[in-house]
Amino acid sequence: MSTLPTAKAEPERSGFIGWGRVGLACVVVFALVLPFMSSGYHLFQYAQVLNYAIALVGLNLLTGYNGQISLGHGAFFAIGGYASAILVAKFGMPYWVTPPIAGMVCLVAGFLFGLPALRLEGLYLALATFALAVAMPQLLNYKHFDALTGGSGGLQLAKPGAPFGLPITSDQWLYFYCLGFAALLFLAARNLVRGRIGRAMVAIRDQPVAAETMGVPISYVKAMCFGISALYAGVGGALSVTIVGYVSPDSFGLFLSLSFLVGIVVGGLTSIPGMLFGAWFIEFVPNYADQLTSSLGENAKALPWAVYGVLLIALMFVMPRGIAGAVTAMAARLQRFTNATKRA
Amino acid sequence: MSTFAHQFFSGLAMGGVYAILALALVMIYQATHLVNFAQGEMAMFATYMAWNMMDSGLPYWAAFGLTVVLSFAAGVIIERVIVRPFAKAPVLSMVIVFIGMVFIFNSVVGWIYGYEIKDFRSPFPEKAWFGNTLMSSHESGVIVVTFLVLALVYGFFRFTPLGLAMRAAAQNPASSRLVGIKVGWMLALGWGLAAAIGSIAGMMAAPVVYLDPNMMSSLLLYGFAAAVLGGIDNPWGAVAGGFIVGVMQNLVGAYLVGTQIQLSVALVIIIGVLVMKPSGLFGRVIVTRV
Amino acid sequence: MFTRRNLLLSGAAGAALAGLPAVALAEDMPGVTATEIKIGQTMPYSGPASAYGVIGRVEVAFVKMINEQGGINGRKINLISLDDGYSPPKAVEQIRRLAEQDKVAFIFQSLGTPSNVAIRSYLNEHKIPQLFVATGASLFGEPKQFPWTMGINPSYRTEAIIYGKYILANMPDAKIGVLYQNDSFGKDYIDGLKAALGDKAAKMIVKEASYEVSEPTVDSQVVTLQGSGANVFVIAATPKFAAQAVRKSADLGWKAERFLTNVSVAYPILKGAGLEKSKGLITAAYVKDPADPIWKDDPGYKAWAAFATKYMTASVITDGNAAYGYSVAQVLMQVLKQCGNDLSRANILKQAANLKDVKTAMFLPGVLVNTSPDNYFPIRTMQLQRFDGTRWVSFGKLLSD
C-alpha cells in the first residue's frame, strides 16, 4: 500500500530523449550565460535558488523516492549552515572547503536520526521531523553552545571575492561556486536513483514486505537514505550561509522546512530536474505574490501569503504531479505530435 | 512542595487545551486517515469569530454556541469544496493543500484583525473555585470542558446511529456504501465535527495564550504530540496524551534540564515512547499483512 | 498643512534649509531626483514578529500624508517597505533589492535585531546609511566600527540599568528573579541588570528563567521564579508572554515588586493580564501611552489621532507600536529637512548624526532626540512609571544610563 504516487521509475525514454537532450543543452547554456546578463542582486537570488534546489534534491531522495515524509529538513540545512559558519569563523578555514565537511556532518546526523526514525511510519515520522524543525532553533541558541554558535547573535562572515584574480564580481563568482556544487550533486543524485540503490529505495517505498523478502537490507537503505538526504540539505545550507554572510537561529524557522516540502511537491516528486522548478517556486513566488497584492494598498501587507496559499492549492489541482510532471506530459505530447507529422 | 504542585497543576491545565486539540486531530484522522495541519489555524479563525461576536455585544455562551455551529458548517464546506477534489490525490498533495490553508487563514485573519494580541474572555468566574489556590477557575474549567467534549465524542460514536455510520465509513468504505451509508457525507461530517471541536480548543486556549493570528503555532505541535502519544485512533488516548504532555513539559523544564531545551527533551521522550510502542500508548496495533 | 508648529516643536528644525546650492548630480545622490527621494525598509509583515508590522504601515501612511502636503523641500518621498518575514536571509535579499534594483538613498527603520545584524556589513561596505534601526539591542550604536548604522530606541540595556539602579537605591536587600526571552532582547536585560548591580549581582539575582518564543505559556517559569523566594520580579518578555507573567504572578499571590519591560506596557496587553492584576507594575517609558486618557488634550496626541483616523483606521490609535512609528517618522522628516538639497548619502548620515533636541508628537515630554558623530544612541532618557490600575503614572525625574 503506497501513500505516494506510483511514479514510473523510468520516464518514457523512447520518445523523450531527443527533447531531453535539447532541453539539457539549453539549461546548461542558460546557466552559464545568466551571470553576465544579471545584476548582483538577481545573482544572489539565483544562487539561493541553486542552494535550495540542492536541499530539495536531498529531500526528494528521501520523500519522493524512498517514501519517508520529512517536515524537518530545514534542521539539516541549519546544521550544514552552522557547521560551515563555525569552521570559517572559529577555526579560520577557507569557506570553500566547508561544504563537503558540512555535508559529512549532516550525513552522520541524518544517519543517526534515521536509525530510530526507522521504526516510525508515515505520520509518526512526520511528527518526529516536525519536532526536529521546531526544536532546532532552540538547540542552536542553547547557552552551553554559545561559544561555538554565537548564541542568538549568530555568526557573521566576510563575503568572499573571486579567486585567482578572475575578472568577475563577487556575486558572479558565488553564483558559479554554487552552480558547480549543484551540477555535481544533481548528477550524483541522478546516478544514484538510476542505479541499484535507487531501485532498492523505490522498492522499499512501494512494496516494503516484498523488498525485504528479496533481500533488500531495508534498515540500512532507509537510514542511509536519510543520511544522504541530510547531506544534500547540509551542503545547501553551507553554500547559503556563504552567500548570505550571516547565520542566526532565526534563519532556520519551521517555515523553511515547510517551504522545502512545498518545493519538492511543486517541483515534482521523483524528478531530479524538477527540483530547480521547486526551488524557483519557493524563492520567487512569494515575491510575485507580494507585488501582486501591493497594488491593494498598505493594509494588504499580510495578504501575499493568502495569495501564495491559494496558488499552492490551485497548483496542486492543476498539476498534481508538480511542474516536472506537467512538463514531461507536455513534452510527451509534443513528441507524439512530431512523430505523427513525420509519419504523415 | 507547593512549587511542585503548582508546576503539576499548571501543566495539567495546559494539557487540557492540548487534549481538546488532539481530539480534533483524532476526529479527522478517524474520518479520513489524514492529519490536518491546518487544524490550528482553523481553530484560530473560529476564535476570532467568537471574539468578534462578543465584541459586538453577544453574551459569552451565545457566542460560544454560534461559533461551534458556524465552525461545523465551515468544516463541512471546506471538505466539500477544497478537500474533496483531492480525494484521489497522493497524500503529499493533500499535505501541501493543508499548508496552503495555513497560509490563507493566517494572513487573512492578520489582514482583518491585525497582529497585536487581543484579550479573550473566559466564561468562568474571576475567583478560583472552592478556594482552590492551585488552579484558577479557568484552568479547572478547561479540564472540565475537556472531559465533557470527550464524553460527547465517545457517546456520539458509541451510541448514535450516525456515529456508527461514520465509523463504518472510515473503516470500510466499500461495504458501508453497500449498506446505504453516504460515505462522502460522512467524511464531510468528520471535518465538521473536527472543526467544531477545534473551535472549542481555540476558545479554551485563547484566555491563556491570548488571541493573535500566530496563537496556534505553538499549541499545534503539542496537540499533535498528544494525539500521537496517546494513539491517533483513540479519543481516550488523545486526552490522556494531552495531560501527559502538558505535565511532562512543565516538570522537565522546571526540574530536569531547564527551560531552554525543554521542548527538545520532551520531544525526545515522546519519540522514544513511539519507538517502543509505534502506535502510541493506547493505540490499536496494526499488523502488516502480506 | 504640514507645519513645523504642529509637527516638530524643535527650535533647530529646518534651520539649515535656506541657502544651499542646488546640487543635483545623480551619481552623487543615488535614489534622489529633482522630484523624489527613495527610501527603503524591511519589516516583518509576516512571520513570528508580525505584530510589529504596524510600525511600517504607519510610516508608509505618514509619508503619504507628507506627500499630499507637498513633500519635503519640494520632493516627494517614496518609502518602499518590504516584507522579510523576520528571516535574516530574506532581509539580506530584500535589502539588496532595495539598494541595487530600486536604488534607494538609504535604509530607514528596518526592524529586528537578527535582520539588522545580517544587513549591517553590506550597508556599511556600500556606504548606505542604515538609519534608526527598529530594535533596542545595544549593538547598533558603534560609530567607530559601523559608521553607517544608527539606532533610535533607548537600548534594552539602558532600561535594565535604570531598573538596577532603582532597585539598588530603594530595595538594597532585594532578591531578584528575572524572566527573560532567550534571545538577544532578553539577554540584554540580564546584562544591563548585572552591570547596574555590579558585584552585588551574584547575590541579588537569585534566579533567572528563560523561555522560548515557540512555547505556549510561561506559567511554569513564573512558578519556578516564585519558588526561588525572590521579592523582585523583572519581566523581560514580549507582549503575550509578559501578559501571562503578570497574570500568573498575581494568581499565585506572589507579593513581589514587578518591573515590566516597556516593550510590553501597552494598555491592551495589561487589559489582557487583568488591570487589577497589573496594579503596581513599574516600567521605564519613553513613548506616550496612546490609550491613556491623560493625553487627550495633548497637541501631540491630537495630531497623532487625527493622522491615524484619516490615513489608517481609528483602531490603531491606541497601539503603542504605531505611535512609536509615527514619532520616528517625524525624526526622519527632521533629518530630511536638515539635509536641504544635498541628499547625498554622506550628508544624510551627517545630518542624522547632528540632531539637536528634536521633539516629536508621541515621545514623552522631555524625551528628546540627540545625536552627534560619536553618539549613535538618539534616545537615552526614560521616565519611571507605575501602573495604578487604570493608567501609567510617572514618578521621579527623567533618568538615563
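Chains as they are written, first to last, in the numbering used here: chain A, 1 to 344; chain B, 1 to 290; chain C, 1 to 401.
We treat Cβ as the ideally placed atom computed from N, Cα and C, and that holds for glycine.
Chain-order list of residues whose beta-carbon lies under 6 Å from that of residue 394 of chain C (same chain, five-residue window excluded):
Taking the third sequence and counting its residues from 1, one reaches residue 394 of chain C at position 394. The answer, listed in chain order, is 383 and 385.
Any C-beta of chain A within less than 7 Å: which residues of the segment 116-130 of chain C qualify?
Those residues of the segment 116-130 of chain C that come within reach of chain A (Cβ to Cβ, closer than 7 Å) are 117, 118 and 121.
Less than 8 Å between CB atoms is the rule here; does residue 173 of chain A satisfy it with respect to chain C?
Indexing the first sequence from 1 puts residue 173 of chain A at position 173. Not flagged as an interface residue toward chain C: residue 173 of chain A, since no C-beta distance is shorter than 8 Å.
Within the segment 171-222 of chain A, ranges of the alpha helix (DSSP H) (whole runs, at least 4 residues)
Qualifying alpha helix (DSSP H) stretches, in chain order: 196-206 and 208-213.
Does DSSP put residue 73 of chain C in a helix, a strand or coil?
Start at 1 with the first residue of the third sequence, and residue 73 of chain C comes out as number 73. Three-state result, residue 73 of chain C: coil.
May I ask you to list the residues that DSSP assigns as paired with residue 150 of chain A?
As a working note, residue 150 of chain A is residue 150 in the first sequence. In DSSP, residue 150 of chain A forms no bridge with anything.
Counting only beta-carbon separations shorter than 8 Å, does residue 469 of chain C have a partner in chain B?
The structure shown does not extend to residue 469 of chain C, since chain C spans only 1 to 401, so no value can be given for it.
Interface residues of chain B facing residue 116 of chain A [CB-CB closer than 7 Å]:
For the purposes of this step, residue 116 of chain A is taken as the residue at position 116 of the first sequence. Here the neighbours are 271 and 275.
So residue 60 of chain A contacts chain C; which residues on that side make the cut at Cβ distance below 7 Å?
Sequence index remark: in the first sequence, residue 60 of chain A carries index 60 (1-based). Per Cβ cutoff of 7 Å: no residues; residue 60 of chain A is ~22 Å from chain C at best.
Would you give the residue range spanned by the alpha helix (DSSP H) that residue 185 of chain B belongs to?
Here residue 185 of chain B corresponds to residue number 185 of the second sequence, with the count starting at 1. Note, residue 185 of chain B: alpha helix (DSSP H), 183-209.
Is residue 135 of chain C buried or exposed, if buried means 16 or more other CB atoms sit within 10 Å of its CB?
Counting from 1 along the third sequence, the entry for residue 135 of chain C is found at position 135. Burial call: buried.
Which residues in the same chain as residue 324 of chain A place their Cβ atom closer than 7 Å to its Cβ, once the five residues preceding and following it in sequence are excluded?
The residue you call residue 324 of chain A lines up with position 324 of the first sequence. Close CB contacts of residue 324 of chain A within its chain, under the 7 Å cut and outside five residues either way in sequence, are with 267, 268, 271, 273, 274 and 277 (chain order).
If we count the other Cβ atoms within 10 Å of its Cβ and call it buried at 16 or more, is residue 339 of chain C buried or exposed?
Stepping through the third sequence from its first residue, residue 339 of chain C is reached at position 339. Looking at its Cβ environment, which holds 16 or more other Cβ atoms inside 10 Å, residue 339 of chain C is buried.
Collapsed DSSP secondary structure at residue 275 of chain B in the structure displayed
As a position in the second sequence, residue 275 of chain B is number 275, starting the count at 1. Helix at residue 275 of chain B.
Can you find a CB in chain C that lies within less than 8 Å of the CB of residue 5 of chain A?
Residue numbering aside, residue 5 of chain A sits at position 5 when the first sequence is read from its first letter. The predicted position of residue 5 of chain A is uncertain, since its pLDDT is 47 and thus under 50; a value taken from the coordinates is nonetheless stated next. It does not: the Cβ of residue 5 of chain A has no partner Cβ on chain C nearer than 8 Å.
Check whether residue 188 of chain C and residue 242 of chain C have beta carbons under 8 Å apart
To locate residue 188 of chain C, count along the third sequence from 1; it is residue 188. To locate residue 242 of chain C, count along the third sequence from 1; it is residue 242. When the beta-carbon positions are compared, residue 188 of chain C and residue 242 of chain C stay at least 8 Å from each other.
Compile a chain-ordered list of the residues in the segment 310-336 of chain A whose CB is closer than 7 Å to at least one CB of chain B.
Correct list: 310, 312, 313, 316, 317 and 320.
So if I threshold CB-CB distances at 8 Å, which residues from the segment 36-50 of chain C count as touching chain B?
Those residues of the segment 36-50 of chain C placed with their C-beta closer than 8 Å to a C-beta in chain B are 46, 48 and 50, ordered along the chain.
Please identify, using Cβ separations under 7 Å, the residues of the segment 123-148 of chain A that lie next to chain C, in order along the chain.
Per Cβ criterion, the list reads 134, 138 and 141.
Is residue 233 of chain B helix, strand or coil when you go by DSSP?
Position 233 of the second sequence, counting from 1, holds the residue named residue 233 of chain B. Annotated three-state conformation of residue 233 of chain B is coil, per DSSP.
At least 3 beta-carbon pairs within less than 8 Å: the segment 178-195 of chain B vs the segment 73-85 of chain B
Enough Cβ pairs lie closer than 8 Å, so yes.
Does the segment 265-284 of chain B come into contact with the segment 116-133 of chain A, if we say contact requires no fewer than three beta-carbon pairs (one atom in each stretch) closer than 8 Å?
The answer is yes - the segment 116-133 of chain A touches the segment 265-284 of chain B, with three or more Cβ pairs under 8 Å.
Measuring CA to CA, which of C:215, C:208 and C:213 is closest to residue 224 of chain C?
Residue 224 of chain C sits at position 224 when you count from the first residue of the third sequence. Ranking C:215, C:208 and C:213 by Cα distance to residue 224 of chain C puts C:208 first.
By the 10 Å Cβ neighbour count, where 16 or more other Cβ atoms means buried, how is residue 90 of chain C classified, buried or exposed?
Looking up residue 90 of chain C in the third sequence gives position 90. Counting of Cβ neighbours within 10 angstroms places residue 90 of chain C among the buried residues, the total reaching 16 or more.
To the nearest angstrom, how far is the alpha carbon of residue 224 of chain B from that of residue 21 of chain B?
Position 224 of the second sequence, counted from the start, is the residue given in the question as residue 224 of chain B. Position 21 of the second sequence, counted from the start, is the residue given in the question as residue 21 of chain B. Distance between the alpha carbons of residue 224 of chain B and residue 21 of chain B: 8 Å.
With DSSP run on the structure shown, which of helix, strand or coil describes residue 288 of chain C?
Taking the first residue of the third sequence as 1, we reach residue 288 of chain C at position 288. Coil.
For residue 23 of chain C and chain A, any beta-carbon pair shorter than 8 Å?
Here residue 23 of chain C corresponds to residue number 23 of the third sequence, with the count starting at 1. Caution applies to residue 23 of chain C, whose pLDDT of 46 falls short of 50 and renders its modelled position unreliable; the value that the coordinates give is listed next. With 8 Å as the cut-off, residue 23 of chain C does not count as an interface residue toward chain A.
For the alpha helix (DSSP H) holding residue 200 of chain C, just list the boundary residues, first then last.
Against the third sequence, residue 200 of chain C aligns to sequence position 200. Taken as a continuous stretch (DSSP letters only), residue 200 of chain C belongs to no alpha helix (DSSP H), as it is neither H nor E.
With C-beta atoms as the reference, is residue 111 of chain A less than 8 Å away from residue 260 of chain A?
On the first sequence, residue 111 of chain A is found 111 positions in, with the first residue counted as 1. On the first sequence, residue 260 of chain A is found 260 positions in, with the first residue counted as 1. No, they are not a contact pair.
What in chain C is Cβ-close to residue 41 of chain B, meaning under 9 Å?
Here residue 41 of chain B refers to the residue found at position 41 when the second sequence is read from its first residue. Under a criterion of Cβ atoms nearer than 9 Å, no residue of chain C is adjacent to residue 41 of chain B; the nearest Cβ is some 13 Å distant.
Should residue 144 of chain A be labelled buried (16 or more other beta-carbon atoms within 10 Å of its own) or exposed?
Taking the first residue of the first sequence as position 1, residue 144 of chain A is located at position 144. Exposed, since its Cβ has fewer than 16 Cβ neighbours within 10 Å.
Residue 209 of chain C by DSSP, collapsed to three states: which one?
On the third sequence, residue 209 of chain C is found 209 positions in, with the first residue counted as 1. Residue 209 of chain C: strand per DSSP, three-state reduction.
Residues near residue 116 of chain B in its chain [Cβ-Cβ closer than 8 Å; skip 5 each side]:
Here residue 116 of chain B corresponds to residue number 116 of the second sequence, with the count starting at 1. These residues qualify, in order along the chain: 212.
Identify each residue in the segment 168-189 of chain C for which the Cβ-Cβ distance to at least one residue of chain B is less than 9 Å, and report them in chain order.
Within the segment 168-189 of chain C, the residues whose Cβ lies closer than 9 Å to some Cβ of chain B are 182, listed in chain order.
Opening and closing residue of the beta strand (DSSP E) in which residue 36 of chain C lies
Mapped onto the third sequence, residue 36 of chain C falls at position 36. 36-43 is the span of the beta strand (DSSP E), which, as asked, contains residue 36 of chain C.
Range covered by the alpha helix (DSSP H) that runs through residue 119 of chain A:
Looking up residue 119 of chain A in the first sequence gives position 119. No alpha helix (DSSP H) contains residue 119 of chain A, which DSSP labels as neither H nor E.
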